[in-house]
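In this note's numbering, the protein residues as written are 5 to 389.
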(Lines of atoms letter the chains of each structure in order from A; the text may use other names.)
(Lines give C-alpha, C1' and ligand atoms only; values in the text may rest on other atoms or scores of the structure.)
Protein backbone atom coordinates (compact mmCIF):
# COMPACT_ATOMS: atom_id res chain seq x y z
CA UNK A 5 0.00 0.00 0.00
CA UNK A 6 1.17 3.47 -0.74
CA UNK A 7 0.59 6.45 1.49
CA UNK A 8 -0.98 9.52 -0.07
CA UNK A 9 0.53 12.99 0.55
CA UNK A 10 -1.75 15.63 1.86
CA UNK A 11 -2.84 18.01 -0.87
CA UNK A 12 -2.07 21.79 -0.64
CA UNK A 13 -4.72 24.14 0.47
CA UNK A 14 -6.61 25.69 -2.39
CA UNK A 15 -5.39 29.25 -3.47
CA UNK A 16 -8.09 31.72 -2.76
CA UNK A 17 -8.36 35.09 -4.62
CA UNK A 18 -7.42 37.01 -1.49
CA UNK A 19 -4.35 34.94 -0.95
CA UNK A 20 -3.32 35.36 -4.60
CA UNK A 21 -3.53 39.13 -4.33
CA UNK A 22 -1.41 39.05 -1.20
CA UNK A 23 1.26 36.99 -2.93
CA UNK A 24 1.38 39.36 -5.91
CA UNK A 25 1.66 42.41 -3.63
CA UNK A 26 4.53 40.87 -1.75
CA UNK A 27 6.34 40.09 -5.00
CA UNK A 28 5.89 43.66 -6.23
CA UNK A 29 7.20 45.05 -2.96
CA UNK A 30 10.24 42.81 -3.15
CA UNK A 31 10.95 43.91 -6.73
CA UNK A 32 10.52 47.60 -5.85
CA UNK A 33 12.75 47.20 -2.82
CA UNK A 34 15.39 45.55 -5.00
CA UNK A 35 15.21 48.34 -7.59
CA UNK A 36 15.51 51.01 -4.89
CA UNK A 37 18.42 49.16 -3.35
CA UNK A 38 20.16 49.01 -6.73
CA UNK A 39 19.68 52.76 -7.27
CA UNK A 40 20.97 53.54 -3.78
CA UNK A 41 24.05 51.41 -4.31
CA UNK A 42 24.66 52.94 -7.76
CA UNK A 43 24.24 56.48 -6.40
CA UNK A 44 26.56 55.80 -3.50
CA UNK A 45 29.13 54.31 -5.85
CA UNK A 46 28.84 57.34 -8.14
CA UNK A 47 29.25 59.87 -5.36
CA UNK A 48 32.14 57.93 -3.86
CA UNK A 49 34.04 57.36 -7.10
CA UNK A 50 33.29 60.55 -9.03
CA UNK A 51 35.98 63.26 -9.19
CA UNK A 52 35.29 66.96 -8.56
CA UNK A 53 35.05 69.00 -11.75
CA UNK A 54 35.22 72.61 -12.79
CA UNK A 55 33.00 74.35 -15.32
CA UNK A 56 34.28 76.79 -17.93
CA UNK A 57 32.42 78.71 -20.64
CA UNK A 58 34.25 79.76 -23.82
CA UNK A 59 33.00 81.98 -26.68
CA UNK A 60 34.02 81.20 -30.30
CA UNK A 61 33.40 82.89 -33.63
CA UNK A 62 32.54 79.44 -34.99
CA UNK A 63 32.65 75.90 -33.64
CA UNK A 64 32.42 73.60 -36.65
CA UNK A 65 32.93 69.91 -35.81
CA UNK A 66 32.54 70.42 -32.06
CA UNK A 67 29.65 68.58 -30.36
CA UNK A 68 28.32 67.87 -26.89
CA UNK A 69 30.51 65.11 -25.50
CA UNK A 70 33.62 66.14 -27.47
CA UNK A 71 36.86 65.92 -25.54
CA UNK A 72 38.45 68.71 -23.54
CA UNK A 73 42.21 68.15 -23.44
CA UNK A 74 45.41 69.55 -21.95
CA UNK A 75 48.56 68.67 -23.93
CA UNK A 76 46.47 66.17 -25.86
CA UNK A 77 45.35 64.30 -22.71
CA UNK A 78 41.60 64.06 -22.10
CA UNK A 79 40.61 65.86 -18.89
CA UNK A 80 36.93 66.60 -19.52
CA UNK A 81 34.17 67.03 -22.06
CA UNK A 82 31.86 69.57 -23.66
CA UNK A 83 28.50 69.63 -21.90
CA UNK A 84 26.57 72.34 -23.75
CA UNK A 85 26.72 74.35 -26.99
CA UNK A 86 24.58 77.46 -27.37
CA UNK A 87 24.65 79.54 -30.59
CA UNK A 88 24.21 83.31 -30.32
CA UNK A 89 24.07 86.12 -32.85
CA UNK A 90 27.74 87.08 -32.64
CA UNK A 91 29.36 84.02 -31.03
CA UNK A 92 29.06 80.35 -30.16
CA UNK A 93 28.94 79.64 -26.42
CA UNK A 94 30.59 76.35 -25.47
CA UNK A 95 30.27 75.08 -21.90
CA UNK A 96 32.69 72.40 -20.71
CA UNK A 97 33.77 70.60 -17.56
CA UNK A 98 37.18 69.23 -16.68
CA UNK A 99 38.79 67.36 -13.81
CA UNK A 100 39.48 69.79 -10.97
CA UNK A 101 42.72 67.98 -10.13
CA UNK A 102 44.25 69.50 -13.27
CA UNK A 103 45.42 73.11 -12.84
CA UNK A 104 44.74 75.64 -15.60
CA UNK A 105 46.28 79.15 -15.63
CA UNK A 106 43.96 82.11 -15.15
CA UNK A 107 44.87 83.53 -18.59
CA UNK A 108 44.22 80.25 -20.41
CA UNK A 109 43.01 80.18 -24.01
CA UNK A 110 40.66 77.68 -25.65
CA UNK A 111 41.49 76.35 -29.12
CA UNK A 112 39.50 74.03 -31.38
CA UNK A 113 41.99 71.43 -32.70
CA UNK A 114 41.31 69.30 -35.80
CA UNK A 115 43.42 66.11 -35.47
CA UNK A 116 42.50 65.19 -39.08
CA UNK A 117 40.10 66.21 -41.80
CA UNK A 118 37.32 63.71 -41.04
CA UNK A 119 37.63 62.92 -37.32
CA UNK A 120 35.90 64.79 -34.53
CA UNK A 121 37.59 67.84 -33.19
CA UNK A 122 38.43 68.49 -29.58
CA UNK A 123 38.91 71.58 -27.47
CA UNK A 124 42.39 72.28 -26.08
CA UNK A 125 43.14 74.41 -23.01
CA UNK A 126 46.53 76.11 -23.11
CA UNK A 127 49.13 76.99 -22.00
CA UNK A 128 50.32 74.49 -19.41
CA UNK A 129 50.07 75.68 -15.81
CA UNK A 130 53.49 76.59 -14.38
CA UNK A 131 52.49 78.65 -11.36
CA UNK A 132 50.48 81.66 -10.31
CA UNK A 133 46.72 82.22 -10.38
CA UNK A 134 44.45 79.38 -11.53
CA UNK A 135 41.34 79.50 -13.70
CA UNK A 136 38.44 79.63 -11.22
CA UNK A 137 35.27 77.57 -11.38
CA UNK A 138 32.55 78.95 -13.69
CA UNK A 139 35.16 81.08 -15.47
CA UNK A 140 34.36 82.78 -18.78
CA UNK A 141 36.87 82.83 -21.67
CA UNK A 142 36.10 85.67 -24.15
CA UNK A 143 36.48 85.51 -27.93
CA UNK A 144 39.80 87.33 -27.74
CA UNK A 145 41.24 84.22 -26.06
CA UNK A 146 39.71 81.57 -28.29
CA UNK A 147 40.63 80.33 -31.76
CA UNK A 148 39.13 78.09 -34.42
CA UNK A 149 40.92 76.41 -37.35
CA UNK A 150 40.53 77.63 -40.90
CA UNK A 151 37.96 75.49 -42.65
CA UNK A 152 38.87 73.53 -45.78
CA UNK A 153 36.01 75.20 -47.65
CA UNK A 154 37.49 78.61 -46.83
CA UNK A 155 40.86 77.49 -48.21
CA UNK A 156 39.26 76.24 -51.42
CA UNK A 157 37.32 79.48 -51.78
CA UNK A 158 40.48 81.58 -51.30
CA UNK A 159 42.34 79.53 -53.91
CA UNK A 160 39.41 79.89 -56.30
CA UNK A 161 39.30 83.66 -55.81
CA UNK A 162 43.06 83.88 -56.41
CA UNK A 163 42.88 81.83 -59.61
CA UNK A 164 40.00 83.96 -60.89
CA UNK A 165 41.92 87.17 -60.10
CA UNK A 166 45.07 85.94 -61.87
CA UNK A 167 43.29 84.23 -64.75
CA UNK A 168 41.90 85.73 -67.96
CA UNK A 169 38.93 88.02 -67.59
CA UNK A 170 36.99 86.46 -70.47
CA UNK A 171 36.69 89.65 -72.53
CA UNK A 172 39.72 88.96 -74.69
CA UNK A 173 42.17 90.74 -72.41
CA UNK A 174 45.24 89.00 -71.10
CA UNK A 175 45.38 87.93 -67.48
CA UNK A 176 47.35 89.87 -64.85
CA UNK A 177 49.61 86.85 -64.35
CA UNK A 178 50.37 86.75 -68.07
CA UNK A 179 51.14 90.50 -68.05
CA UNK A 180 53.48 89.98 -65.10
CA UNK A 181 55.35 87.19 -66.87
CA UNK A 182 55.69 89.19 -70.10
CA UNK A 183 56.89 92.31 -68.28
CA UNK A 184 59.41 90.29 -66.28
CA UNK A 185 60.68 88.62 -69.46
CA UNK A 186 61.22 91.99 -71.17
CA UNK A 187 63.03 93.47 -68.17
CA UNK A 188 65.31 90.46 -67.71
CA UNK A 189 66.09 89.98 -71.41
CA UNK A 190 69.86 90.30 -71.82
CA UNK A 191 70.43 90.92 -68.11
CA UNK A 192 71.00 87.32 -67.05
CA UNK A 193 74.72 87.78 -66.36
CA UNK A 194 74.06 90.98 -64.41
CA UNK A 195 71.30 89.27 -62.42
CA UNK A 196 73.59 86.32 -61.67
CA UNK A 197 76.36 88.67 -60.51
CA UNK A 198 73.84 90.47 -58.31
CA UNK A 199 72.84 87.21 -56.63
CA UNK A 200 76.53 86.32 -56.20
CA UNK A 201 77.25 89.67 -54.56
CA UNK A 202 74.22 89.28 -52.33
CA UNK A 203 75.43 85.86 -51.23
CA UNK A 204 78.88 87.29 -50.46
CA UNK A 205 77.31 90.12 -48.50
CA UNK A 206 75.18 87.64 -46.58
CA UNK A 207 78.29 85.55 -45.85
CA UNK A 208 80.12 88.65 -44.63
CA UNK A 209 77.26 89.48 -42.30
CA UNK A 210 77.20 85.89 -41.08
CA UNK A 211 80.96 85.87 -40.41
CA UNK A 212 80.68 89.19 -38.56
CA UNK A 213 77.60 88.23 -36.59
CA UNK A 214 79.54 88.38 -33.32
CA UNK A 215 80.67 91.94 -34.00
CA UNK A 216 77.19 92.96 -35.11
CA UNK A 217 75.59 91.53 -31.99
CA UNK A 218 78.32 93.17 -29.89
CA UNK A 219 77.56 96.50 -31.53
CA UNK A 220 73.85 96.06 -30.88
CA UNK A 221 74.54 95.19 -27.23
CA UNK A 222 76.77 98.24 -26.86
CA UNK A 223 74.09 100.43 -28.43
CA UNK A 224 71.59 98.92 -26.01
CA UNK A 225 73.90 99.69 -23.08
CA UNK A 226 74.34 103.26 -24.41
CA UNK A 227 70.61 103.84 -24.80
CA UNK A 228 70.02 102.32 -21.35
CA UNK A 229 72.58 104.71 -19.86
CA UNK A 230 70.87 107.63 -21.63
CA UNK A 231 67.50 106.48 -20.33
CA UNK A 232 68.86 106.18 -16.78
CA UNK A 233 70.42 109.66 -17.11
CA UNK A 234 67.33 111.21 -18.65
CA UNK A 235 67.17 114.05 -16.12
CA UNK A 236 70.86 114.94 -16.61
CA UNK A 237 70.52 114.82 -20.40
CA UNK A 238 67.44 117.02 -20.25
CA UNK A 239 69.29 119.47 -17.97
CA UNK A 240 72.23 119.52 -20.42
CA UNK A 241 69.85 120.24 -23.31
CA UNK A 242 68.31 123.08 -21.32
CA UNK A 243 71.75 124.53 -20.62
CA UNK A 244 72.72 124.22 -24.29
CA UNK A 245 69.48 125.96 -25.23
CA UNK A 246 70.30 128.75 -22.77
CA UNK A 247 73.81 129.11 -24.21
CA UNK A 248 72.44 129.16 -27.76
CA UNK A 249 69.89 131.79 -26.77
CA UNK A 250 72.61 133.92 -25.12
CA UNK A 251 74.81 133.63 -28.21
CA UNK A 252 71.88 134.63 -30.38
CA UNK A 253 71.23 137.68 -28.18
CA UNK A 254 74.93 138.64 -28.33
CA UNK A 255 75.23 138.09 -32.07
CA UNK A 256 76.22 141.69 -32.74
CA UNK A 257 78.86 141.71 -30.00
CA UNK A 258 80.28 138.42 -31.22
CA UNK A 259 80.48 139.73 -34.77
CA UNK A 260 82.28 142.86 -33.56
CA UNK A 261 84.67 140.80 -31.42
CA UNK A 262 85.48 138.52 -34.34
CA UNK A 263 86.04 141.56 -36.55
CA UNK A 264 88.42 143.09 -33.99
CA UNK A 265 90.17 139.74 -33.60
CA UNK A 266 90.63 139.56 -37.34
CA UNK A 267 92.24 143.03 -37.29
CA UNK A 268 94.47 142.05 -34.36
CA UNK A 269 95.59 138.89 -36.13
CA UNK A 270 96.39 140.98 -39.21
CA UNK A 271 98.52 143.36 -37.12
CA UNK A 272 100.30 140.44 -35.42
CA UNK A 273 101.01 138.84 -38.77
CA UNK A 274 102.41 142.14 -40.10
CA UNK A 275 104.54 142.61 -36.96
CA UNK A 276 105.99 139.11 -37.19
CA UNK A 277 106.72 139.59 -40.89
CA UNK A 278 108.55 142.91 -40.29
CA UNK A 279 110.51 141.73 -37.23
CA UNK A 280 111.27 138.20 -38.31
CA UNK A 281 115.05 138.52 -37.82
CA UNK A 282 114.71 140.21 -34.42
CA UNK A 283 112.32 137.52 -33.22
CA UNK A 284 114.70 134.84 -34.47
CA UNK A 285 117.60 136.45 -32.56
CA UNK A 286 115.50 136.76 -29.40
CA UNK A 287 114.43 133.13 -29.59
CA UNK A 288 118.06 132.07 -30.08
CA UNK A 289 119.06 134.11 -27.00
CA UNK A 290 116.27 132.50 -25.02
CA UNK A 291 117.74 129.15 -25.96
CA UNK A 292 121.03 130.10 -24.25
CA UNK A 293 119.17 131.45 -21.20
CA UNK A 294 117.12 128.28 -20.82
CA UNK A 295 120.27 126.16 -21.19
CA UNK A 296 121.91 128.16 -18.37
CA UNK A 297 118.82 127.74 -16.19
CA UNK A 298 118.91 123.99 -16.79
CA UNK A 299 122.57 123.85 -15.77
CA UNK A 300 121.85 125.81 -12.57
CA UNK A 301 118.75 123.80 -11.76
CA UNK A 302 120.12 122.47 -8.43
CA UNK A 303 121.26 125.93 -7.28
CA UNK A 304 117.94 127.50 -8.26
CA UNK A 305 116.08 124.74 -6.44
CA UNK A 306 118.12 125.35 -3.25
CA UNK A 307 117.70 129.13 -3.60
CA UNK A 308 113.93 128.84 -3.95
CA UNK A 309 113.79 126.62 -0.87
CA UNK A 310 115.98 128.87 1.36
CA UNK A 311 114.85 132.37 0.31
CA UNK A 312 111.27 132.21 1.74
CA UNK A 313 112.60 131.11 5.14
CA UNK A 314 115.35 133.75 5.10
CA UNK A 315 112.95 136.56 4.24
CA UNK A 316 110.56 135.38 6.96
CA UNK A 317 113.38 135.31 9.54
CA UNK A 318 114.50 138.83 8.55
CA UNK A 319 111.03 140.20 9.25
CA UNK A 320 110.93 138.38 12.60
CA UNK A 321 114.49 139.46 13.57
CA UNK A 322 113.66 143.18 13.67
CA UNK A 323 113.14 144.42 17.24
CA UNK A 324 110.81 147.44 17.28
CA UNK A 325 111.78 148.25 20.90
CA UNK A 326 115.51 148.71 20.22
CA UNK A 327 115.12 149.66 16.58
CA UNK A 328 117.75 147.13 15.49
CA UNK A 329 117.88 143.53 14.22
CA UNK A 330 118.24 140.81 16.83
CA UNK A 331 120.69 138.35 15.29
CA UNK A 332 123.70 136.20 15.83
CA UNK A 333 126.75 136.79 13.70
CA UNK A 334 129.67 134.62 12.77
CA UNK A 335 133.20 135.99 12.26
CA UNK A 336 136.19 134.17 10.87
CA UNK A 337 139.13 134.28 13.40
CA UNK A 338 142.64 132.84 13.16
CA UNK A 339 142.96 129.34 14.61
CA UNK A 340 146.32 129.00 16.36
CA UNK A 341 145.99 125.22 16.48
CA UNK A 342 145.44 124.51 12.83
CA UNK A 343 146.85 127.72 11.44
CA UNK A 344 143.64 128.32 9.50
CA UNK A 345 140.37 130.17 10.03
CA UNK A 346 137.63 129.24 12.47
CA UNK A 347 134.11 130.69 12.87
CA UNK A 348 133.37 132.62 16.07
CA UNK A 349 129.75 133.21 17.18
CA UNK A 350 128.90 136.80 18.17
CA UNK A 351 126.00 136.97 20.62
CA UNK A 352 125.96 140.77 20.94
CA UNK A 353 125.35 143.44 18.35
CA UNK A 354 125.70 147.24 18.49
CA UNK A 355 122.94 148.98 20.38
CA UNK A 356 122.44 151.35 17.48
CA UNK A 357 122.15 150.64 13.85
CA UNK A 358 124.93 153.10 13.01
CA UNK A 359 127.45 151.03 15.05
CA UNK A 360 128.25 153.79 17.56
CA UNK A 361 130.29 152.92 20.65
CA UNK A 362 127.55 153.54 23.17
CA UNK A 363 127.93 149.95 24.39
CA UNK A 364 126.67 146.48 23.59
CA UNK A 365 123.46 144.82 24.62
CA UNK A 366 122.60 141.18 24.93
CA UNK A 367 120.52 139.86 22.06
CA UNK A 368 117.21 138.54 23.47
CA UNK A 369 115.78 135.46 21.77
CA UNK A 370 118.33 135.45 19.00
CA UNK A 371 118.69 131.68 19.03
CA UNK A 372 115.22 131.10 17.56
CA UNK A 373 114.87 133.91 15.07
CA UNK A 374 118.23 133.85 13.28
CA UNK A 375 118.66 130.18 12.48
CA UNK A 376 118.75 130.95 8.78
CA UNK A 377 122.00 132.98 9.25
CA UNK A 378 123.60 130.03 11.04
CA UNK A 379 122.60 127.70 8.25
CA UNK A 380 123.80 130.08 5.53
CA UNK A 381 127.16 130.81 7.18
CA UNK A 382 127.65 127.16 8.01
CA UNK A 383 127.18 126.26 4.37
CA UNK A 384 129.66 128.95 3.41
CA UNK A 385 132.24 127.62 5.86
CA UNK A 386 131.81 124.10 4.52
CA UNK A 387 132.16 125.36 0.98
CA UNK A 388 135.32 127.33 1.90
CA UNK A 389 136.89 124.35 3.60
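The C-beta atom is built at its ideal place from N, Cα and C for all residues, glycine as well. Bear in mind that the values here come from a model prediction, so they are computed numbers and not experimental data.
Where the alpha helix (DSSP H) through residue 312 begins and ends = 301–321
On the three-state DSSP scale, how would you describe residue 78?
-> strand
Minimum C-alpha distance to residue 58 - residue among 323, 96, 267 | 96
Backbone secondary structure at residue 185 - three-state DSSP | helix
Rounded separation between residue 126 and residue 146 - CA only | 10 Å
Taking 9 Å as the cut-off, decide whether the C-beta atoms of residue 153 and residue 67 are in contact.
-> no
State yes or no: is the C-beta of residue 98 within less than 9 Å of the C-beta of residue 56?
-> yes
Can you say whether residue 322 is buried or exposed, counting buried as having 16 or more other CB atoms within 10 angstroms of its CB?
-> exposed
When the distance is taken between beta carbons, is residue 139 closer than 9 Å to residue 415?
-> A query on residue 415 cannot be resolved here, the shown segment of the chain reaching from 5 to 389 and no further.
Sort 158, 159, 266, 175 by Cα distance to residue 166 and report the nearest one.
-> 175
Member of 270, 286, 179, 75 whose CA lies at the smallest distance from the CA of residue 103 | 75
DSSP state of residue 86 mapped onto helix, strand, coil = strand
Is there at least one non-hydrogen atom of the ligand SAH closer than 8 Å to the beta-carbon of residue 165?
-> Absence of the ligand SAH from the depicted structure is noted, as is the absence of any ligand whatsoever, leaving it without description.
Under 9 Å, do residue 92 and residue 86 count as touching if we go by C-beta distance?
-> yes
Report yes if the CB atom of residue 77 is closer than 9 Å to the CB atom of residue 123, and no otherwise.
-> no
Nearest neighbour of residue 89, chosen from 135, 185, 60, 252 [CA to CA] = 60
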